[in-house]
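In this note's numbering, the protein residues as written are -1 to 275.
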Amino acid sequence: MRAIATFDAGTDGGVGNGLASWFGAALTGPLASLLERESQGSAFFSARTRADERAPSREFHPLSTGWEAMRQELLLEPETAHVLYMREYLGRALVHVRSSTIRVHRPNAEAQLVFGEEFGEEFGGLGDPGLCSRAVEFLVAALDNVNPAFAWLGADAPATEETNLDWVLNRRVRNSVREARKLLRGYSWTTVCPGELSERLGGPAALAATGAFHRVFPLAAGGIVLQATRTVAEYSDDAVRRVFEALHPVLPPGMPQFDPAHPELRYFPADASRFSG
């Protein structure tokens, strides 16, 4: 399971605010119990930022006492940042929080929270309502005061700057990021619309009334978090269609084409600009 957010110049408080909120919500949410283990020596964290490609990396260790310093660095919009949790030193990552400048150009940035397979298995996997609920709660906490350009949460697309619709509509990242507040970049099990698109869709009440979503969360700074089904495992083809039908007025035009390089992508095979139900 992974969560990915796009921050742009329209992000409330700036890109740095979005990054600090994302990492902070991860540390008080999914990583909270793991962070406690760091001081006990049973967990290993790697936390660092890099202002730009010419600057040296700055490490924050232990993270339990270095977080405030890291937060101040995030507010300055570093080119890259990450927090990596491992059960054993140099072992496989269980949870990885990271961010980087989108290759288009600054200030655009992307932030990710990637749950390793072992982490999910500890909680029952993608069919566990508790794990799925906590993941959505993280997303709401991370974005509540941000109004991001876009975000998604699920297990049906690779952890890249491209969204599901970027791949199947052959959209360039620079175009989909530039137009993110005019056309929704994509959709998944849980989708975040920026405030500008939420208003065009009628707002939280109208979206809840479509019946396409299990839960609808308005964000304080604008925007809305839309959880399609109770768990990721329940995100069926019918659920994908319902999400598409509810969001199609703000989706980019074009007929999706199957991408053999990414067979895991989930989407409804219709041109949003010509869809009439």
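In this text, a Cβ means the ideal position worked out from N, Cα and C, and glycines have one as well.
Since the model is a prediction, treat every value here as computed from it, not as a measurement.
To which residues of the same chain is residue i closer than 6 Å at the C-beta, ignoring the five residues directly before and after it?
{"i": "THR47", "result": "ARG56, GLU71, PRO76, ALA79"}
{"i": "ALA23", "result": "PHE136, ALA139, ALA140"}
{"i": "VAL238", "result": "ARG264, PHE266"}
{"i": "ALA7", "result": "PRO105"}
{"i": "PHE242", "result": "PHE266"}
{"i": "GLY200", "result": "none"}
{"i": "LEU73", "result": "GLY14, ALA18"}
{"i": "ALA162", "result": "For clarity, residue 162 is Asn in the given sequence; the question names Ala instead. Once the five neighbours on either side are set aside, the close Cβ partners of ASN162 are ALA155, GLY184, LEU263, TYR265."}
{"i": "THR188", "result": "VAL134, LEU151, GLN225"}
Taking the straight line between their C-alpha atoms, what separation do you get for residue i and residue j?
{"i": "ALA178", "j": "MET68", "result": "28 Å"}
{"i": "ALA210", "j": "ALA218", "result": "22 Å"}
{"i": "TRP20", "j": "MET84", "result": "20 Å"}
{"i": "SER97", "j": "ALA107", "result": "7 Å"}
{"i": "THR208", "j": "THR227", "result": "13 Å"}
{"i": "SER37", "j": "ALA259", "result": "42 Å"}
{"i": "GLU159", "j": "ALA270", "result": "22 Å"}
{"i": "ALA206", "j": "VAL190", "result": "14 Å"}
{"i": "LEU167", "j": "VAL175", "result": "14 Å"}
{"i": "ASP236", "j": "ASP10", "result": "34 Å"}
{"i": "LEU224", "j": "CYS130", "result": "13 Å"}
{"i": "ASP257", "j": "ALA157", "result": "16 Å"}
{"i": "PHE273", "j": "GLY27", "result": "39 Å"}
{"i": "ASP164", "j": "ARG170", "result": "6 Å"}
From the DSSP output, read off the bridge partner residues of residue i.
{"i": "ILE2", "result": "GLN110, TRP150"}
{"i": "ALA57", "result": "The residue asked about is misnamed: residue 57 is Glu in this sequence, not Ala. Partner(s): ARG46."}
{"i": "CYS191", "result": "ILE222"}
{"i": "HIS94", "result": "LEU82, VAL112"}
{"i": "ARG179", "result": "Answer by DSSP bridge pairing: none, since ARG179 is not bridged."}
Cutting at 8 Å between CB atoms, please list the residues of its own chain near residue i, excluding the five before and the five after it.
{"i": "GLU197", "result": "none"}
{"i": "ASN145", "result": "GLY8, THR9, ASP10, PRO192, GLY193, LEU217, ALA219, GLY220, GLY221"}
Report back the beta-carbon spacing between residue i and residue j to the nearest angstrom; my notes put them in contact at under 8 Å.
{"i": "ALA231", "j": "LEU124", "result": "5 Å"}
{"i": "LEU92", "j": "GLY64", "result": "Contact doesn't hold; Cβ gap of about 20 Å is too wide."}
Heavy atom of the ligand SAH less than 6 Å from the Cβ of residue i, yes or no?
{"i": "SER40", "result": "Among the components of this structure there are no ligands whatsoever, and the ligand SAH is therefore not found."}
Take residue i and list the residues in its own chain whose beta-carbon comes closer than 7 Å to its own, dropping the five residues that flank it on each side.
{"i": "LEU33", "result": "LEU25, LEU61, SER62"}
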